[in-house]
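Scroll down for the structure; my scribbles are underneath it.
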Amino acid sequence: MRDKVKGLLIGITIGSMLTGVTAYAASGTPIKALLQKVNIYVDGTKKLTANAITYNNTTYVPVRSISTALGENVALKSNNLYIGKQPLIKLTGNQAFELL
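Residue numbers (my numbering): 73 to 172.
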């Protein structure tokens, strides 16, 4: 599944200047997705315009764009996506040193 998403994102990046994009999933199956600009509104106020992908009648907007519109932080930790408050991470001294 993760490889399919990577394939889709690579295809979108290459064709980001086009209004229609054809990308190849990891299985080699061609898919047709529409790349479009969408306006993001929060409580009736336009916050920003972002690139979105429409595939199989579903529109996908980057989480970073949504978090920016909401004025919240975003983080992906393991398989968890956080918007807003982030969990506290407890590190030992050695773990903190390794991160530096």
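Every residue, glycine too, gets a C-beta built ideally from N, C-alpha and C.
Closest to residue i by C-alpha separation, out of the options, would be which residue?
i: Lys118; options: Thr164, Leu142 and Leu172; result: Leu142
i: Lys104; options: Tyr127, Leu172 and Ser139; result: Tyr127
i: Val110; options: Pro102, Thr101, Pro134 and Gly100; result: Pro134
i: Ser137; options: Lys157, Asn151 and Ala147; result: Ala147
Is the beta carbon of residue j closer than 7 Å to that of residue i?
i: Leu106; j: Ile112; result: no
i: Ala122; j: Gln108; result: no
i: Ile155; j: Glu170; result: no
Report buried or exposed for residue i, applying the criterion of at least 16 other Cβ atoms within 10 angstroms of its Cβ.
i: Ile161; result: exposed
For a cutoff of 7 Å on Cβ pairs, would you count residue i as touching chain B?
i: Pro102; result: As a matter of chain content, chain B is missing from the structure shown, which is built from one protein chain.
In the DSSP assignment, what are the bridge partners of residue i?
i: Ala147; result: Tyr154
i: Val114; result: Thr117
i: Gln108; result: Ala124
Secondary structure at residue i, three-state DSSP: helix, strand or coil?
i: Lys162; result: coil
i: Leu172; result: coil
i: Thr140; result: helix
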